[in-house]
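Below: one structure, written as structure tokens.
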Amino acid sequence: MKIAIAGTGYVGLVSGACFAEMGLDITCVDIDQKRIDTLRQGIIPIYEPGLSELVRHNVEAGRLHFTTDLAGCLGQVEVVFTAVGTPSGPDGSADLSQVLEVARTFGRHITRYTLFVTKSTVPVGTAQKVRTTIAEELHKRGCAVPFDVAANPEFLKEGAAIKDFMSPDRVVVGTDSERAKALMTRLYRPFLINNFRVIFMDIPSAEMTKYAANAMLATRISFMNEIAALCEHVGADAEMVRKGIGSDTRIGSKFLYPGCGYGGSCFPKDVRALTHTAHEHGCTMEIIEAVNRVNERQKSIVFQKLHNALGKNLHGKCVALWGLAFKPETDDLREAPALVVIDLLLKAGAEVRVFDPIAMEGCRQRLGASHVHYAGSMYEAAEGADAIALITEWKVFRMPDWGRLLASMRGNVLVDGRNIYDKAEVTAAGFLYSAIGK
346 MKIAIAGTGY VGLVSGACFA EMGLDITCVD IDQKRIDTLR QGIIPIYEPG LSELVRHNVE
406 AGRLHFTTDL AGCLGQVEVV FTAVGTPSGP DGSADLSQVL EVARTFGRHI TRYTLFVTKS
466 TVPVGTAQKV RTTIAEELHK RGCAVPFDVA ANPEFLKEGA AIKDFMSPDR VVVGTDSERA
526 KALMTRLYRP FLINNFRVIF MDIPSAEMTK YAANAMLATR ISFMNEIAAL CEHVGADAEM
586 VRKGIGSDTR IGSKFLYPGC GYGGSCFPKD VRALTHTAHE HGCTMEIIEA VNRVNERQKS
646 IVFQKLHNAL GKNLHGKCVA LWGLAFKPET DDLREAPALV VIDLLLKAGA EVRVFDPIAM
706 EGCRQRLGAS HVHYAGSMYE AAEGADAIAL ITEWKVFRMP DWGRLLASMR GNVLVDGRNI
766 YDKAEVTAAG FLYSAIGK
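Note that the sequence shown covers residues 346 to 783 in the numbering used here.
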């Protein structure tokens with residue numbers, strides 16, 4: 346079975362490598378020639394555990410190919426996935442220009458029945474726009490080549506994407522065609538031999554499911570951060586509260602961790618897109634809009650705690666930030682809380698020293714090298730610092746040598762933006778400790 350995947354970003358590359366691992370013949374397509382050239386050389390443009398090895402193995406096996414020519418492979422494939430970007434516009438809407446351009450190319454060049462599948466995160470109604478775009482191109486050609494459109498949203502967690510793809514909780518497919526349903530069943534059966542967890546539904550419901558899932562997870566995070574803020578005022582411990590409510594099977598413990606806000610490519614963008622879609626249809630998403638407001642406020646909580654601990658005037662103070670990526674096991678800095686903290690510290694006149702195991706180069710490209718010191722280790726970042734702030738809970742930060750740190754620092758403030766440290770241990774070591782919701 347031959348498949349083309351348009352887009353070699355996070356979703357496209359993971360999907361292509363995993364489909365190839367199951368024995369399919371996959372062609373990944375991108376308009377960026379430089380990106381394609383580097384992929385052909387075995388250089389992966391993103392960090393995802395296990396992805397480099399998976400790509401290299403399947404390229405060597407002849408199952409995974411890279412090209413800039415989508416039109417050239419449309420005569421050989423049965424399915425085309427679009428995994429191109431849908432970035433947020435200024436009003437929160439999803440930019441569908443790349444998706445529709447893939448649809449135009451599809452309509453201009455298919456010669457036999459082919460299934461077009463949207464794997465990009467797209468608002469409700471996109472599949473109909475894709476269908477119309479393809480039909481218009483076929484009409485211009487004077488052709489009546491049969492095709493179908495399906496929606497197959499991705500549910501990949503950065504840092505665990507390969508496991509999620511190879512052994513998914515569920516696969517959601519929206520289709521109105523029995524032929525497309527049979528093709529998607531054939532495609533996903535190898536992943537789910539013992540427990541076929543493909544959920545078929547109508548296309549608008551599949552498109553909505555992706556946004557609803559991310560909005561629910563984002564809501565749990567913002568909810569817990571609001572509870573944590575109140576805990577600090579009333580003397581409660583948000584960690585104890587989290588355990589108390591999370592043990593209720595109706596609630597569960599996942600995504601109930603207080604912290605310094607969520608970031609990444611999905612939650613912020615999808616929450617905004619969902620509210621924009623609601624406004625387009627005359628609806629108000631009061632809870633979802635509040636989720637976004639709470640999260641934007643939460644991104645500054647670490648700065649506020651540093652401000653409280655170091656005094657009103659931060660000019661000349663030196664702060665070490667541990668972690669830059671929005672979560673561990675990724676180099677993704679999109680909407681990362683660390684970037685907000687850095688910006689606030691620099692505006693306050695503080696000196697900022699940073700360390701992240703993976704995301705240093707990405708941060709340097711975003712912020713430049715003139716205002717921030719990029720340390721070679723967590724200990725180097727702390728040298729001469731008045732305070733350390735943990736932003737991303739990488740494993741390397743979990744058990745530091747507190748004595749070594751304190752001896753090298755100018756001050757003794759520690760702000761734990763992810764609540765990973767034991768307060769008694771840290772304060773016994775001589776630190777002035779502050780966490781979220783405690």
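The beta-carbon is built from N, C-alpha and C at its ideal position, and this holds for glycine as well.
- The DSSP-derived three-state label of E481 is helix.
- Contact between the region 551 to 562 and the region 478 to 493 is not established, with fewer than three Cβ pairs separated by less than 8 Å.
- Distance between E405 and I381, taken at the CA atoms: about 16 Å.
- One Cα belongs to L399, the other to A362, and the distance between them is close to 6 Å.
- The three-state secondary structure of F492, taken from DSSP, is strand.
- Shown here, S465 sits in coil according to DSSP, grouped into three states, outside any helix or strand.
- For L460 and V517, the gap between their C-alpha atoms comes out near 16 Å.
- Going by DSSP, F545 is part of no alpha helix (DSSP H) but of the beta strand (DSSP E) stretching over 543 to 546.
- Secondary structure note for Y778: its beta strand (DSSP E) is the uninterrupted segment 777 to 779.
- Under DSSP, the beta-bridge partners assigned to C663 are E696.
- Residues of the same chain with a CB within less than 7 Å of the CB of N403, apart from the 5 flanking positions on each side, are A362, A365, E366, L409 in chain order.
- Under the DSSP definition of a beta bridge, K347 partners with D370.
- The C-beta separation of T456 from T431 comes to about 28 Å, leaving the pair out of contact by the 8 Å criterion.
- Counting the other CB atoms within 10 Å of its CB gives S360 a total of 16 or more, which places it among the buried residues.
- Of all alpha-carbon atoms in S438, S610, D375, R642, the one lying nearest the alpha-carbon of A416 is that of D375.
- If you look at G707, you'll find it isn't in any beta strand (DSSP E); it sits in the alpha helix (DSSP H) that goes 705 to 712.
- Between K662 and L655, the CB-CB gap stays under 8 Å.
- Taken in chain order, the complete beta strand (DSSP E) segments of 3 or more residues contained in the region 398 to 465 are 409 to 412, 424 to 427, 459 to 463.
- Ranked by Cα distance from S512, the options D521, E499, G519, T520 are led by E499.
- Here P673 has G504, T737, E738, W739, K740 as same chain residues with Cβ atoms under 8 Å from its own Cβ, once five neighbours each way along the sequence are excluded.
- Cβ contact annotation for L384 (same chain, cutoff 6 Å, sequence separation greater than five): F411, in chain order.
- In the displayed model, D375 falls within coil according to three-state DSSP, outside both helix and strand.
- Restricted to the region 730 to 780, the alpha helix (DSSP H) segments that are unbroken, complete and at least 4 residues in length are 747 to 753, 768 to 773, listed in chain order.
- One thing to note: V758 has its Cβ within 8 Å of the Cβ of D731.
- Cβ-Cβ separation between V664 and A695: approximately 5 Å, consistent with a contact (criterion under 8 Å).
- Bounds of the alpha helix (DSSP H) holding Y533 are 523 to 533.
- R449 and K474 have their alpha carbons spaced roughly 11 Å apart.
- Between the alpha carbons of A496 and A472 lies a distance of about 7 Å.
- Nearest in C-alpha terms to L537, of all of E552, S550, R515, M553, is R515.
- Within the same chain, F600, Y607 come within 6 Å of I566 by CB-CB distance, once the 5 residues on both sides are set aside.
- Contact annotation: T530 and D493 have beta-carbon atoms that are not nearer than 8 Å.
- Segment contact: the region 416 to 426 against the region 347 to 360, three or more CB-CB distances shorter than 8 Å; contact assigned.
- With contacts defined by Cβ atoms closer than 8 Å, L750 and Y724 form a contacting pair.
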